[in-house]
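Student: First the structure, which I've put down as structure tokens, then a few questions once you've had a look.
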């Protein structure tokens, strides 16, 4: 099992705001217009699932499998060329600021590891960067 972690991101919003927004994927509607169409297509979601088509990778669908309020949301793949788990950890720094880290664990076949490790780490970093840019006002 290979593990990929983002750097820790500081978010200028309280932990509870960040958790509430990320734990209900319907809130992605607020940022839909920020998603670059040339990178991600067929972006759909409901409260517990999100699905995107990423050329040339294919469709990736994630489902929330656990919510640990207010500090962690865990996902697993519902559809993906390679199964993986993803979780988002959110911890308070103070009453108005929190920190976040994105982690992915994937069972990558040894023959593919060298080829996919770099893009997967890059993807984890981009997800964390995107999550850190969201306005978490309620």
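Numbering (this note's numbering), first residue to last: 428 to 565. Glycine included, C-beta positions come from ideal geometry on N, C-alpha and C. In this text, all values refer to a predicted model and were calculated from it rather than measured experimentally.
Could you name the residues that DSSP lists as bridge partners for residue 487?
Tutor: Along the chain shown, read from residue 1 onward, the residue named residue 487 stands at position 60. Answer is 479.
Student: For residue 553, which beta-bridge partners are listed by DSSP?
Tutor: As a working note, residue 553 is residue 126 in the chain shown. Residue 553 is not bridged to any residue.
Student: Would you check if the distance between the CB atom of residue 508 and the CB atom of residue 545 is smaller than 8 Å?
Tutor: For the purposes of this step, residue 508 is identified with residue 81 of the chain shown, where counting begins at 1. For the purposes of this step, residue 545 is identified with residue 118 of the chain shown, where counting begins at 1. No; because the gap between Cβ atoms is not below 8 Å, this pair is not in contact.
Student: Between 552, 535, 487 and 482, which has its C-alpha nearest residue 515's C-alpha?
Tutor: For the purposes of this step, residue 515 is taken as the residue at position 88 of the chain shown. Out of 552, 535, 487 and 482, 552 has the C-alpha closest to the C-alpha of residue 515.
Student: Candidates 499, 492 and 504: which alpha carbon is nearest residue 518's?
Tutor: Your numbering for residue 518 matches position 91 in the chain shown. Cα-wise, what sits closest to residue 518 is 499.
Student: Closest to residue 497 by C-alpha separation, out of 458, 537, 472 and 450, would be which residue?
Tutor: On the chain shown, position 70 is the one that residue 497 refers to. With distances taken between Cα atoms, residue 497 lies closest to 450.
Student: For residue 558 and residue 531, which I take to be in contact (beta-carbon distance under 8 Å), what is that distance rounded to the nearest angstrom?
Tutor: Position 131 of the chain shown, counted from the start, is the residue given in the question as residue 558. Position 104 of the chain shown, counted from the start, is the residue given in the question as residue 531. No, residue 558 and residue 531 are not in contact; Cβ-Cβ is about 13 Å, not under 8 Å.
Student: Assuming residue 468 and residue 456 are in contact, meaning their beta carbons sit under 8 Å apart, how far apart are those beta carbons, in whole angstroms?
Tutor: Here the question's residue 468 lines up with position 41 in the chain shown. Here the question's residue 456 lines up with position 29 in the chain shown. The pair is not a contact, with the Cβ atoms about 17 Å apart (cut-off 8 Å).
Student: Mind pulling the beta strand (DSSP E) runs of 3 or more residues that sit fully within the stretch 482-551?
Tutor: Correct list: 485-495, 499-506, 511-519 and 525-533.
Student: My guess is that residue 490 and residue 471 are in contact by the Cβ rule of under 8 Å, so how many angstroms apart are they, rounded?
Tutor: One-based indexing of the chain shown puts residue 490 at position 63. One-based indexing of the chain shown puts residue 471 at position 44. Wrong, their Cβ atoms sit about 13 Å apart, outside the cutoff.
Student: Nearest CA to the CA of residue 543: which residue from 446, 511 and 521?
Tutor: The residue you call residue 543 lines up with position 116 of the chain shown. Measuring from the Cα of residue 543, the nearest candidate turns out to be 511.
Student: Indicate whether residue 428 and residue 534 have their beta-carbon atoms separated by less than 8 Å.
Tutor: As a position in the chain shown, residue 428 is number 1, starting the count at 1. As a position in the chain shown, residue 534 is number 107, starting the count at 1. Taking 8 Å as the Cβ cut-off, residue 428 and residue 534 qualify as a contacting pair.
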